[in-house]
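Since the structure comes first, as structure tokens, the remarks are kept for the end.
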Amino acid sequence: MEAYLSFNGNAAEALAFYAKSLGGKILFSMTFGESPMGKETPDSHKNKIMHATLEARGKQIMASDLPPGMPFDGYKGFSLSVQAKDVKEGEQLFRTLSEGGKVTMPYAATFWSPGFGMLEDKFGVPWMVNVDQPQS
Numbered sequence: 000m001e002a003y004l005s006f007n008g009n010a011a012e013a014l015a016f017y018a019k020s021l022g023g024k025i026l027f028s029m030t031f032g033e034s035p036m037g038k039e040t041p042d043s044h045k046n047k048i049m050h051a052t053l054e055a056r057g058k059q060i061m062a063s064d065l066p067p068g069m070p071f072d073g074y075k076g077f078s079l080s081v082q083a084k085d086v087k088e089g090e091q092l093f094r095t096l097s098e099g100g101k102v103t104m105p106y107a108a109t110f111w112s113p114g115f116g117m118l119e120d121k122f123g124v125p126w127m128v129n130v131d132q133p134q135s
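Position one of the sequence shown corresponds to residue 0 (this note's numbering), numbered consecutively onward.
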């Protein structure tokens, strides 16, 4: 199962941020203007992302900007979760992903993990960073 994120015109910026933050790479990206429907696309959306795929940490996230006329209502009811190999890596991921965003649960030890935190990144996407190992 893979996540597909819809952005309000800033998908390219978000994907570049995630590639840098998660040590990933963009495998594919096509704008509305580059698509077979490019001639019919309004100028306001020609350079917006119609579809893109990012690979990071052995997983893929797909994304696009919303098509013209489709309203953006934020992100609700889910979080993307990233597993860190240890507390230090978890701290780094949390710090990087939360830059310009909002921490909703500070990164700290919990009863299930030596490192866990929740945040909303600068694009409004909710994340959980978790160290998947028992406390010692």
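C-beta atoms are modelled at their ideal positions from N, C-alpha and C, and glycine is treated no differently. On a predicted model such as this, the values are computed, not experimentally measured, just so you know.
C-beta contact flag for Ala13 and Val124 at 9 Å: On the sequence shown, position 14 is the one that residue 13 refers to. On the sequence shown, position 125 is the one that residue 124 refers to. In contact: Ala13 and Val124 (Cβ atoms closer than 9 Å).
Chain-order list of residues whose beta-carbon lies under 8 Å from that of Glu33 (same chain, five-residue window excluded): The residue given as residue 33 occupies position 34 in the sequence shown. The answer, listed in chain order, is Met49.
Close beta carbons around Thr40, own chain, < 8 Å, minus the five adjacent residues each side: Within the sequence shown, residue 40 is the residue found at index 41, counting from 1. So the qualifying residues of the chain are Phe31, Gly32, Ser34 and Pro67.
Same chain, Cβ closer than 7 Å to Glu119, neighbours up to 5 away in sequence not counted: Taking the first residue of the sequence shown as 1, we reach residue 119 at position 120. For Glu119, the CB contacts under 7 Å within the same chain, skipping 5 residues up- and downstream, are Gly100, Lys101, Thr103 and Pro125 in chain order.
Thr103 (DSSP reduced to helix, strand or coil): If you number the sequence shown from 1, residue 103 lands on position 104. Three-state DSSP puts Thr103 in a strand.
Exposure label - Leu26; buried when at least 16 CB within 10 Å: Here residue 26 corresponds to residue number 27 of the sequence shown, with the count starting at 1. Residue environment for Leu26: exposed (fewer than 16 other C-beta atoms within 10 angstroms of its C-beta).
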